[in-house]
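Residue numbers for the sequence shown follow full-length UniProt numbering, beginning at 1 and rising by one. Heads up, the beta-carbon is just placed ideally off N, CA and C, and yes, glycines get one too.
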Amino acid sequence: MSDGLLGLDWQNWRAWQEDDGMTEPVEVSLPHAVALSWGIAERPERGPKRELSIERIVESAIDIADVEGLSAVSMSRVATSLGFTTMSLYRYVTSKDDLLLLMQDQALDMPIPPEATGAGQSDAGWRLQLREWVLLTRQTYLSHPWYAEIPVSGLLLTPMNLRLVDWGVRCLAPTGLSGSDKLAIVLLAGGYARSGGGGVPEFSGGSEFAVAVRELVTEERFPYLRPVILEGAGAAGVSGYGSGDAGAGGGSSDAGASVGGASGGGAGVGVGAADSFEFGLERLLDGIEHYLGQTASQREHALLAASTADVDARLEFYPKDPAVREAAAKRREAEGRLREAQKREREMIAKARERAAKLAARSK
């Protein structure tokens, strides 16, 4: 990418601001791709106009990415799919970076449910609405697996992106939170939806790898995870991690519900039969609900108590300390030797069993 906010060329355009009934021209700068997404960038003066359009170019690129992955998308490939030359595309979209941003924006063009009425407008209605927002947003990402491969630009200026954020803020209207709090929650929930948009990775891949997981997760190397595997999570729970079984207790839309169908502890509450994404979503909503129940002074106190200044200092120092880095390198070397020794031991045990079986067969 070249210099600039998004690594794109800047497009100057003129907006009008109303002030006491008067209008004054205000110069606004936008990345070229953003201007294209709003339809305010200059259109090509030459070249094919009726047969080709930015919309068709973007739709074709999305179709290719959906079927073959993002790596298959190129200006020449899109041009070929449309029956035009590559140079024809450049008259509309000046770079592949521009095209990727336009693809992201177009992919977010989803139907938005009408505003909630009745129970949906109650104080607890925000939870139902925000939950739906996260699930539908995630479904859009799942429909376009390539979306998560494009780095987040940190820019919320494209129309469909802003439309999605506007809907998220609408979900929080019953809460009475400040605008900054609403936006922070929407960005948090959106990040969670995006993180699950590529699919939640399975922990063990099901029963096929359950035995391997139990062997690899040793008590010496993973002292806290090992008991979780042994208690059955590796077979009944961990192997189902990300299975999508939302009906196993997770995904309740009730404000007070918890995954597993219980509000307290117990075997039904972990990431077991319940879908892990919905489990995490319910915990996210629980946290927001807890925040809503706090007073302003309680929130301020919690913020001070959660200060991570000391932790940040340690995180900044430890990885850079030469002695720590040297010790970590030696530890990794020792772990490698240990794994080789364990592998050798397993091989010897297997051979010993084979010899014992042969001797037993001969003695019969």
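First and last residue of the uninterrupted alpha helix (DSSP H) at residue i
i    : result
V186 : G179 to S195
Y291 : S276 to L292
W146 : Per DSSP, W146 belongs to no alpha helix (DSSP H) and is neither H nor E.
V324 : P322 to S363
Y92  : Run containing Y92: none; DSSP gives neither H nor E here.
A65  : I54 to E68
D109 : That residue, D109, is in no alpha helix (DSSP H); it is neither H nor E in DSSP.
S37  : H32 to W38
A79  : M75 to L82
P227 : L225 to V228
P114 : That residue, P114, is in no alpha helix (DSSP H); it is neither H nor E in DSSP.
P159 : P159 to C171
Contact under 8 Å by Cβ, residue i with residue j
i    : j    : result
L281 : R77  : no
P174 : W126 : yes
H144 : A189 : no
V134 : A193 : yes
R138 : G197 : yes
M75  : L52  : no
L101 : A33  : yes
S95  : S81  : no
R226 : V217 : yes
M110 : I62  : no
D97  : N161 : no
R283 : Y291 : no
S220 : R170 : One detail in the question is off: residue 220 reads as Glu in this sequence, not Ser. Cβ atoms of E220 and R170: not closer than 8 Å.
Supposed close pair residue i, residue j - CB separation, criterion 8 Å
i    : j    : result
V57  : V93  : Per the sequence shown, the amino acid found at residue 57 is Ile instead of Val. Between V93 and I57 the Cβ distance is about 6 Å, and since that is below 8 Å, they are a contact.
L30  : L157 : 7 Å
A65  : W146 : 4 Å
E149 : L99  : About 14 Å; that fails the 8 Å criterion.
L164 : I185 : Between I185 and L164 the Cβ distance is about 14 Å, and since that is not below 8 Å, they are no contact.
beta-carbon residue i near the ligand ADP non-hydrogen atom, thresh 7 Å
i    : result
V211 : In terms of ligand content, the structure shown is empty, and the ligand ADP therefore cannot be addressed.
Selection from the options that minimises the alpha carbon distance to residue i
i           : options                   : result
G168        : F222, T218 and P113       : P113
residue 365 : A210, L183 and E220       : Residue 365 is absent from the model: the chain starts at 1 and stops at 364.
V67         : A341, L142, I54 and R346  : L142
F277        : E345, L177, E215 and S195 : S195
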